[in-house]
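K.L.:
Below is the structure I would like to discuss, written out as structure tokens.
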Amino acid sequence: MREGYISKGLDRVEGKGVVPVEGHCRTQMIAKHPQMWNELPAIPEPPPGAEETDVSEQLPEVIRKANPNIGVGPRGLRPHHLQVIEEGNFMSPEAKRAPTNISAIANLFITDGLPRWLARHMVGGMLTAQAKEELATLDITRTDSRPTVAPDTDVSTSLKALVEQVRGDVRKVVTPEQAGVHVEGGGSSMVQGMRELIEEAETTNTPLLVIAMDVKNAHNEWSRQKAQEAIIKAAETYPALRSLAVANEIFSEVDPKIYCRNSTGFQPSHLTNSAAGGMQGIPIVPLAFTISIDAPLKQASTTCKKVVAIQDDILIAGSGDDLLGKDLINGTSGAEGTLRTLEKALENVDLRLGKSKYQVYCKNMDRRTIPIGLHQPYMITCPTLAKKIAELEQRAEEAEMKARHTTAPSDAAAAVIARAEADHERSLIPDEVKTHGIWVNGAALGEEKYVELKLLEKQRELCGDETADPPTPGTLMRIAQEVYRVDAHAAHAATHYSLQTRADWLLITHYPSQTRQLAKAVDVSLRKINKMINKSDLLDATGQDLDANHMTDLSFTRDRFHLKCAFGGGGYRKTEERALWLNSVKQTAQQSATGAPWEILQPIMGTTWNSDNRSEWSWRHLLNSNTRMGRELLLEIQRLRDLQEAERTIRQAPDTEPRQPVFRKPDDTFGIEEPKLHKSAFDAIQIERRRTMKFRATKLPTDDLRRHAFIQPQGDKISTSRLSMPPGPFKHPHRSWASGVQNMFGVKQSACSSYTNRNLRNTASNPTRVDAYGHNTKNVNLGGDANRYPLHNAVQNKLSEFLDKAQIKHRGGSKGMGRKAAAIFNDLIDVPGAPAVNENIRKGMIPDLVIHGEDVTKADPQVGGQEIGDSRTLADFKTLGYNSQYRRGLSSCSHTGVQQKKASCNRHYHNTGKILDETIYSTPPGSRGPIMERVMEHNGGEILVPTVGPFGECSLDLHSLLATIATRLAEIRGRVICKKPSVLKQGYLQWMRRELVVLIDIGWSRQMFGALESFHTSNHRTSTGNDEARRNTAEFLHGRRWL
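Taken in order, the sequence shown gives residues 177 to 1219; the numbers are from the numbering used here.
Set out below in structure tokens:
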């Protein structure tokens, strides 16, 4: 996660683990790859004049997008190996030909131009067994697992490039029965369409039977011969698919070898061959699979109302007679329903349906007519009975898992007994407390009560159950606690990028009115998680942590936390506000007009969606359809408008102020022309909220920390990156992370709560009390960590590292050359025989860095920032605490505190230089002496003053310095990598900003904790031993090594 791969890190936390391919697991993996003989039909020659397959255009983009951390096959060729070749800016003519050679090899491979022995060597895959259940305690290899096979990168990228070429034609072949190929929002459209079909049956009072099923071991068992025949037949209509047939023939004939690694050796060993289906992980397998089941699905669609599939998940709907046959319903003979027809057709391509996983839902039918073997899922409406059954089911599942893992006869017998007891109790459940439905593609369909209870079940999985005995934590809290135990910053990143999106699919696939309770519960859990990580309830709106004299606008901090990080907020997306369902409806409307599975919805959506011109699309027909979808759509549009208007009302925006473009449209065309409707709507709402928060901030008292903490860092890309950046090599200790976030929002420091109003051991004559916000602790000098020098020196050294990496010569800092920058004026001040100089005056001219930027390109600095290009510049780094000097002159404009420091620092250098010239060289007023001449030699006397404020805001000089360094780094990197300079520059800017903001937060919190630590150590500042002990304590507690 510290490398930026949040999902990969969470997979390690959530995943049930990887099982060594040994013992029982090895047997299980071999069984999942059945062996059979394939006699493939000959591929017809291409028609005269047909273009040869060439993926040279698609391949570079595929390689660039490849994840460098995955896809390691048996030959060890990683994506990064090809990415270096693709993006490298080479000098050697031979090296320059490498990308062309890669494309040539790819074309030879997918067109069967390579010798078969070489192709057979290339197409092997590395198998990993992923656990489907908790790892067995006695014999880990007995854990039920699924195989995943990774080919080498040259194979996978070549085939992905081919998929990019042909998937459009594959979609035309499998339409309208399949929604899993090149169909945007196919999964959500599948749910929306089937739900509308069920509601239509309810409205018209017509019988409807829906059966959900999936194909057993789908991608590993289908007949390659039948699949190849289907692809060749499809190529007769769409000639471009001949290239897919050729590529599929390579895999089908060579029987790729599957390798694995055991727990004792790194070298891969041969496990088995892939002789049926296709190895999971091979890009063309999903396309070949969909074509192979196309004929069975089309055959089934002729005898029922609807057939739709996404890969191996299949739904069929129609009357009971059509689906099950009259012989099953009425006892007559000679009839065969769609279900049996589909089963036989799939068996012809060596595929079997998992009959134990059938889900059946019927509407306006007698449930007793459904054969016993077809499972009708239901939820129990009686809470007491539901709890009892759930406990029995859990006990049975645990017993069965134990029996699988131990293979002991006694455990097997106990599992049988536990399952029998659970089944017996289920058989006694009366029909009155059952509500029926099915769970399809991560969504609940059926009776309203079933949907409600199923979503409640998912809510408890995500958020836990406080009513349980004992209370159970949900997935969200469990994951957050697991990550937080190791790293607070990583826990925040996991929450920001993953946990707060866990309910998104449920919001997408269900009506908004059905998910309100779930959304509220998720928000409650996320609030608890954020409170745990930040050690402060930033989502509180009651003012429980505010001072008595600042009890105004109690929800200010909460609402600021809802703002985007770039706007100075916390990036928290309130689940209850989200309107992701709108995206699903829009995608369904678009698919209904493009031949996708739900063209049946066109009477509801209207014909305007058939137009290629977006401006002609309209919601009018849906809004007037008198369907629940239309009513929910209107309510969602109005809800979003209310969110916008609420912000405008708070800041009393005049009617003449234009609204955001997406909200200017009438309901009929709301969001129609937006590529991403939900994002566009909330981007507009965020802009309104930012304006409102600025208005509210100016209404807070001038001594309210919340005011300054919001206004001063506005637009600062260093400070605002704090909560949006993933963790990096600089690890935030838990306390420094919480302190940094609390300081950012201007709330009380939790670490100071036990010390508030106690006297810091500063000086007896001028004691300083600990304030609740910790600012006084950052303005004292108690030695050790309790002073500014660690922060000052850490940032100075970090800037020196940046300059050194950019090959910009400089003095001072950890990477500076020659003598220290502080000695730049020594030869002019320490003149033999000259009058003595007051040491305090001399300290006014000690720069931290002397930057030799004579050969540095100017970097179009931020307005007001000092440029270092084409000149030599003196730099003096400053840190500003929240004190009277900082507060003086603060206004409702950002960065006023840190920008004032630049002007005062320049004046101080010039005044000090004049005083020293007059003292040492008797320079008359109005003339320049040697010292001032030297000052003027450096960038015309303009001092670069990189400054860090108390809320992490940074001066424009610091931003300009980073921009210059990033420009130089982009120039250097651009010599070896083919990327736009602007892209490289932004990458380096992000890297430097993230390094600095962590360093600044740790530095400020370290000083505060150092001061608080003084309550537990001696007060004698002259004692070297005590100072050393204090530093060691701070290093242990607060991670000094990272500075």
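Using N, Cα and C, we set each Cβ at its ideal position, and we do this for glycine too.
Is the segment 888–906 close to the segment 1125–1135, with three or more CB pairs under 8 Å?
P.N.:
Short answer: they touch.
K.L.:
In chain order, what residues of the same chain lie with their CB nearer than 6 Å to the CB of V616, ignoring the 5 residues before and after it?
P.N.:
Excluding positions up to five away in sequence, the list reads A388.
K.L.:
Among all the DSSP beta bridges, which residues are the ones paired with I1153?
P.N.:
Bridge partners of I1153: G264.
K.L.:
Alpha carbon to alpha carbon, how far is H612 from P553?
P.N.:
Rounded to the nearest angstrom, the two C-alpha atoms are 6 Å apart.
K.L.:
Please report the Cβ distance between N933 and R945, rounded to the nearest whole angstrom; I am assuming they are in contact, meaning their Cβ atoms lie under 8 Å.
P.N.:
About 5 Å separates the two Cβ atoms, so the contact holds.
K.L.:
Are I286 and A423 touching if we call contact CB-CB under 8 Å?
P.N.:
A contact, by the Cβ cut-off of 8 Å.
K.L.:
Give every residue of the same chain whose Cβ lies closer than 7 Å to the Cβ of E190, excluding the five residues on either side of it in the sequence, and list them in chain order.
P.N.:
Cβ neighbours of E190 beyond the five flanking positions: I655.
K.L.:
Look up L1160 in the DSSP assignment and say whether it is helix, strand or coil.
P.N.:
The answer is helix: DSSP assigns L1160 an H, G or I state.
K.L.:
In the DSSP assignment, what are the bridge partners of G613?
P.N.:
The partner list for G613 (beta bridge, DSSP) reads G622.
K.L.:
Could you spell out the range, first to last residue, of the alpha helix (DSSP H) harbouring N973?
P.N.:
965–981 is the span of the alpha helix (DSSP H), which, as asked, contains N973.
K.L.:
Measuring straight from C-alpha to C-alpha, what distance separates R1104 and L1056?
P.N.:
Their Cα atoms are separated by approximately 31 Å.
K.L.:
I need the boundaries of the beta strand (DSSP E) containing N449, first residue and last residue.
P.N.:
Residues 445–449.
K.L.:
In terms of residues, what are the limits of the alpha helix (DSSP H) holding Q341?
P.N.:
Counting along the chain, the alpha helix (DSSP H) containing Q341 begins and ends at 329–350.
K.L.:
Going straight from the alpha carbon of L629 to that of D599, what length do you get?
P.N.:
Roughly 21 Å between the two C-alpha positions.
K.L.:
Is the beta carbon of V536 closer than 8 Å to that of L373?
P.N.:
No, the pair does not count as a contact, with Cβ atoms beyond the cut-off.
K.L.:
Note the first and the last residue of the continuous beta strand (DSSP E) segment covering A485.
P.N.:
Segment 482–486, the beta strand (DSSP E) holding A485.
K.L.:
Go through its chain and collect everything with a Cβ distance to V350's Cβ below 7 Å, but skip five positions before and after it.
P.N.:
V357, T466, I467, D470, listed in sequence order.
K.L.:
List the whole-angstrom C-beta distance separating K924 from A948, where the pair is believed to meet the contact cut-off of C-beta under 8 Å.
P.N.:
Between A948 and K924 the Cβ distance is about 4 Å, and since that is below 8 Å, they are a contact.
K.L.:
Enumerated in chain order, which unbroken segments of the alpha helix (DSSP H) with a length of 4 residues or greater are wholly contained in the segment 977–1064?
P.N.:
1002–1005, 1015–1018, 1060–1063, all fully within the segment 977–1064.
K.L.:
Mapping the DSSP letters down to three states, classify T953 as helix, strand or coil.
P.N.:
Here T953 sits in helix by DSSP.
K.L.:
Report yes if the CB atom of L1092 is closer than 8 Å to the CB atom of A1051, and no otherwise.
P.N.:
Not a contact, by the Cβ cut-off of 8 Å.
K.L.:
If you follow the beta strand (DSSP E) that K539 is part of, which residue opens it and which one closes it?
P.N.:
K539 -> beta strand (DSSP E) spans 535–539.
K.L.:
Helix, strand or coil, according to DSSP, for L1066 in the structure here?
P.N.:
In the structure shown, L1066 sits in coil (DSSP, three-state: anything other than H, G, I, E or B).
K.L.:
Take the Cβ of C436 as the centre, count every other Cβ of all protein chains shown within 10 Å, and call the residue buried at 16 or more, exposed below.
P.N.:
By the 10 Å Cβ count, C436 comes out buried.
K.L.:
Using DSSP's beta-bridge definition, name the partner residues of A307.
P.N.:
S321.
K.L.:
Only counting the same chain, and skipping five residues up and downstream in sequence, which positions put a Cβ closer than 8 Å to that of S731?
P.N.:
The residues are A717.
K.L.:
Among V525, Q306, P1122, which has the Cα closest to the Cα of I894?
P.N.:
I894 has its Cα closest to that of P1122, out of V525, Q306, P1122.
K.L.:
When you compare each of N1002, V659, P1008 to G1020 by their alpha carbons, which one comes out closest?
P.N.:
It is N1002 whose Cα lies nearest to the Cα of G1020.
K.L.:
Over what stretch of residues does the beta strand (DSSP E) that includes D599 continue unbroken?
P.N.:
Unbroken run through D599 is the alpha helix (DSSP H), 585–603; no beta strand (DSSP E).
K.L.:
Looking at the strands, I want to know which residues DSSP matches up with H944.
P.N.:
According to the sequence displayed, residue 944 carries Thr and not His. L936, per the DSSP bridge assignment.
K.L.:
Considering I206, what are the terminal residues of the alpha helix (DSSP H) in which it resides?
P.N.:
Taken as a continuous stretch (DSSP letters only), the alpha helix (DSSP H) holding I206 covers 199–207.
K.L.:
I think P547 touches L500, with their Cβ atoms under 8 Å apart; what is that distance to the nearest whole Å?
P.N.:
Sure, about 7 Å apart at Cβ, within 8 Å.
K.L.:
Under 8 Å, with one C-beta from each stretch per pair, do the segment 449–465 and the segment 396–404 reach the 3-pair mark?
P.N.:
Judged by Cβ distances under 8 Å, the segment 449–465 makes contact with the segment 396–404, as three or more pairs qualify.
K.L.:
Could you tell me if K272 is buried or exposed, where buried requires 16 or more neighbouring beta carbons within 10 angstroms of its beta carbon?
P.N.:
Flag for K272 reads exposed.
K.L.:
Measuring alpha carbon to alpha carbon, tell me which of I460, M267, V238, L522 ends up nearest I490.
P.N.:
Ranking the options by Cα distance to I490, first place goes to L522.
K.L.:
Does the segment 721–736 come within contact of the segment 868–879, defined as at least 3 CB pairs closer than 8 Å?
P.N.:
The segment 721–736, when compared against the segment 868–879, does touch it at the 8 Å Cβ threshold.
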